[in-house]
Structure formats: C-alpha cells, structure tokens
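Residue numbers (our numbering): 103 to 495. Here the structure is laid out as structure tokens; the discussion comes afterwards.
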Ligand code: LCS
C-alpha cells in the first residue's frame, strides 16, 4: 500500500509492508544470511546496483527493509539504515562523516557513550571535538571552526532534558556547510521531525520508544538526501552493524503502536511531573511539559508533545535518591527508557558513568539527578509507588 500521502498513524501501521508471495498481513521474518541470484548476470547487476535484488543480509534484508522504509517515511527522509544498536547508529554516522583533521560540535549532555566514544576513540584517529550547551545558540556559533564537519545534537538531552532549537541551530550550521545530526531517541517522530526542521540526518536508539517493549536493542539512521543516505549506509555495511531480521520484525511490530503508547506515557508523565513538583522533599524537576521548564515554550514550538522522561533532584541529594531507587516496587531500577514499563535509574553512576566527573559537571549531570522513564501503567499506581518510596526518606 502506498502510504506517502496518508496520515502519520496510517503510516505507522502500513508503511514499509513487504511480502511478495502469500500476501501475509505482516512482513515475514526472512531469516536468511544470503539470497540466490537468478543468474550470474543478475548477481553482477545486484552488486553493480543495476538491479534491486537482495544480496546478503549485512547489506540488506526484506524484513529489515520493511522497517527501514517505514522509518524513512515517518521521519520524512530519503532512506533509512537499521543498525544492531543505537550506538551502532551513532558510531556509523561518526565514522561516515568524520575523519583525520575534522571537527565535531556536540551537545555537552548526550547519552554517555555517544560523547565518550568521541573523547576516547575518535580522538585517537585525529578527530577534533568541542562540547557545548547547544541549547544556547551562541555557543554553537562560537564553536564552529573552518574544519567543522558535524553538529551533533540530542534534544531533549539525556538526562538533563535540555532542548536545542533544531531550526535555528541548522541555519547556523548550514551557513558553514556543517552537517546537522539529531538524535531523536527521546521524542520519536511522533513528537518531533528533525529533518522537517532543517537537520540532515536523524538517528534513534530504537531500543526505546520506537520498539517500546524493552525486548530488543537496535538503532536506525535516516538521511534527508540520497547522497547522504548512500554514504552512511555504505559505512554501516562495511562496519557490519546491521540489524538482524528478527530484531527488525519485533521493532516493526512495536512501531505500529507508537502513537498510542506515546500518548498514554506522556499523559502519565505530566501527572508524575506535577506530583514531583508539588512534593516537599523534591528540590527540582525537569520535564519539558512543566511551565517551570526553562524551554517549555521551545518544546511547544518544535515538539507535538513532551514525551515521558523526567529528571529530578531531591532535597536530601544522592542519599535520598538512593532510598527512593531502593524502595520502588512497580518501577524497575534499570537503565534504558521509553518502554511500556516505568523505570528509574541514576545517570552519574549508571548511564553516564563512562563520562569523566568534569564532563558530567559541564553537562549539568549532578550526582543527585535521578531519571524516571514513565511507562503506560495506571498512573495512580506509578504515583503511589513513588509516594511510598519517598516516605522512606
Ligand atoms: N542515544 C540515546 C539518546 C540513548 O539514550 C541511547 C541509549 C543511545 C543513543 C544508544 O542506544 P543503544 O545502543 O543502547 O540502543 N540510552 C540508554 C539509556 O539512557 N539507558 O540505557 C541505554
């Protein structure tokens, strides 16, 4: 079914379907490593890009392609490349766009390994980097140099919930021929479409909202233009970071309910954020949906909702945070986010432990920060669970 002119929810359910034989309602799992050519000429044509046939699953697979086509449509891009993990998406993009003597400007607060792999590994290959608070556009302007190749933004950031104005940041970057990459994991295309706002590349850890059921790890990269798509895809194929067909099947299944999961999670998150903000033991709460969030207006402008990630700090600091984390029962004390189940975790010692203390301080990730991923359970149960854990402080 051609879903190009259909609404977002129709695309979620129908985009990227692929079945050539029995008309199955969902794309089957093509659990195969390789594909037989019809003839020697057909094989040669596939390799030369003159025929569309599948060759080898690292290069492409029908189940994976169905998911990729759906993501490209949902993000309004030319094409998508599915990867084995979100970090495979991040590192494939870095590998494709950076090199000896090139410079990247990156949000200071990003998922820990997305920053640490630059500092620890890409620096060994002669890549230069500057980490700035990209929510402050003047810092982006000042950081761009003659050799800057990439502006890498996470918005909202993990875990400090800062927003960057994608449209304005892209304008600044494009004046200097800098490629804009946005990690859209915290929003999903249901809430935010970076390519429509001017970015060149968008990526996701699909482990999170896209799959939504905490049962796979995966990633995807979507490029606005054909040349960029081909460049990134070729890099991923050489690195061998492809998504497995079974992983693609599960992720595509999860994707179909993205809107209704996001709606429920967000409605729950708003209530949890309001509960936390009113709690006498809470010092601060960061949730883009709260009027107190410093970029609430920008969130309303560039997002169609506020997602379900909340960061907060308790008056009793880290010790109080540990009491809450050790006493919740419904919320799991676990990293990851964006699934149907509520999770709580401590970034400084968990997801962002790979960053140095100085880097965490620069990024605003205080030791007392607790991160809460609100799921789709009955919201009264989530709040009651938090409430009894807070009472133990
Ligand atoms: N980008 C963002 C914004 C992320 O939050 C993560 C993982 C990644 C990329 C990497 O994706 P992965 O390879 O794990 O699929 N974030 C995690 C987190 O906050 N807790 O556990 C993983």
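Ideal Cβ positions, reconstructed from N, Cα and C, are used throughout, including at glycine. If you're wondering where the values come from, they're calculated on a predicted model, not measured in any experiment.
Per-residue DSSP class, three states only, for residue 146: Residue 146: helix per DSSP, three-state reduction.
Measuring alpha carbon to alpha carbon, tell me which residue in 254, 194, 191, 249 is nearest residue 211. Of the listed residues, the one whose Cα sits closest to residue 211 is 254.
Whole-number beta carbon distance between residue 120 and residue 167, since they are thought to touch under 8 angstroms: With a Cβ gap of about 6 angstroms, residue 167 and residue 120 count as contacting.
Between the Cα of residue 385 and the Cα atoms of 353, 419, 397, which residue gives the shortest distance? Relative to residue 385, the option among 353, 419, 397 whose CA is nearest is 419.
May I ask which residues mark the beginning and end of the beta strand (DSSP E) holding residue 306? For residue 306, the enclosing beta strand (DSSP E) begins and ends at 303–307.
Whole-angstrom distance between residue 105 and residue 142, CA atom to CA atom: Straight across, the Cα-Cα distance linking residue 142 with residue 105 is about 35 angstroms.
Which residues bound the alpha helix (DSSP H) around residue 454? First-last for residue 454: undefined, no H or E at that position.
Give the C-beta separation of residue 182 and residue 174 to the nearest angstrom, bearing in mind that I take them to be a contact with Cβ-Cβ under 8 angstroms. With a contact defined as Cβ atoms closer than 8 angstroms, residue 182 and residue 174 qualify at about 4 angstroms.
Residue 415 - partner residues in DSSP beta bridges: Per DSSP, 386.
Among 410, 383, 382, which one has its Cα closest to the Cα of residue 392? Distances from the CA of residue 392 to each of 410, 383, 382 were compared; the closest alpha carbon is that of 410.
Using the C-alpha atoms, what's the distance from residue 494 back to residue 429? Using only the alpha carbons, I get a separation of about 8 angstroms.
Sequence-distant residues of the same chain with beta carbon closer than 8 angstroms to residue 363, five excluded per side: Contacts found: 311, 314, 442, 478.
Compute the Euclidean distance between the alpha carbons of residue 427 and residue 136, then round it to the nearest angstrom. The straight-line gap from Cα to Cα measures roughly 47 angstroms.
Taking the alpha carbon of residue 417 as the point to measure from, which residue in 303, 264, 470 has its own alpha carbon closest? It is 470.
From what residue to what residue does the alpha helix (DSSP H) around residue 276 run? From DSSP, the alpha helix (DSSP H) with residue 276 extends over 268–277.
Closest to residue 234 by CA distance: which of 407, 265, 160, 295 is it? Comparing Cα-Cα distances from residue 234 to each of 407, 265, 160, 295, the minimum goes to 265.
Return the first residue and the last residue of the beta strand (DSSP E) that residue 177 is part of. No beta strand (DSSP E) contains residue 177, which DSSP labels as neither H nor E.
Do the CB positions of residue 374 and residue 484 come within less than 7 angstroms of each other? For residue 374 and residue 484, yes; Cβs fall inside 7 angstroms.
Looking at the strands, I want to know which residues DSSP matches up with residue 299. None; residue 299 has no bridge partner.
Buried or exposed for residue 291, please, with buried defined as at least 16 other CB atoms from any protein chain shown within 10 angstroms of its CB. The residue in question, residue 291, is buried, as its Cβ has 16 or more Cβ neighbours within 10 Å.
Is any beta-carbon of chain C found at less than 7 angstroms from that of residue 143? Here chain C cannot be found, since the structure has a single protein chain.
For residue 66, which residues in the same chain have their Cβ closer than 8 angstroms to its Cβ, ignoring the five residues on either side in sequence? In the structure as shown, the chain begins at 103 and stops at 495. Residue 66 is therefore absent and cannot be evaluated.
Quick one: Cα of residue 328 to Cα of residue 180, how far? Computed Cα separation, rounded: 6 angstroms.
C-alpha distance - residue 339 paired with residue 217, whole-angstrom precision: Counting only the Cα atoms, residue 217 lies some 23 angstroms from residue 339.
Considering only C-alpha positions, which residue in the set 326, 282, 301, 344 is nearest to residue 320? If we check each option's Cα against that of residue 320, 344 comes out closest.
Span of the beta strand (DSSP E) holding residue 474? Segment 472–475, the beta strand (DSSP E) holding residue 474.
Sort 279, 367, 274, 424 by Cα distance to residue 480 and report the nearest one. Ranking the options by Cα distance to residue 480, first place goes to 367.
Considering only the beta carbon of each residue, do residue 261 and residue 413 sit closer than 7 angstroms? Yes. Within cutoff.
Compute every distance between the C-beta of residue 134 and the non-hydrogen atoms of the ligand LCS, then say whether any falls below 6 angstroms. It does not: the Cβ of residue 134 is nowhere closer than 6 angstroms to a heavy atom of the ligand LCS.
What number of angstroms, rounded off, separates the C-alpha of residue 250 from the C-alpha of residue 422? Rounded to the nearest angstrom, the two C-alpha atoms are 43 angstroms apart.
With a threshold of 6 angstroms (Cβ to nearest heavy atom), would residue 186 be considered close to the ligand LCS? Relative to the ligand LCS, residue 186 has its C-beta separated by 6 angstroms or more from all heavy atoms.
Between residue 285 and the ligand LCS, is the CB less than 6 angstroms from at least one heavy atom? The nearest non-hydrogen atom of the ligand LCS is less than 6 angstroms from the C-beta of residue 285.
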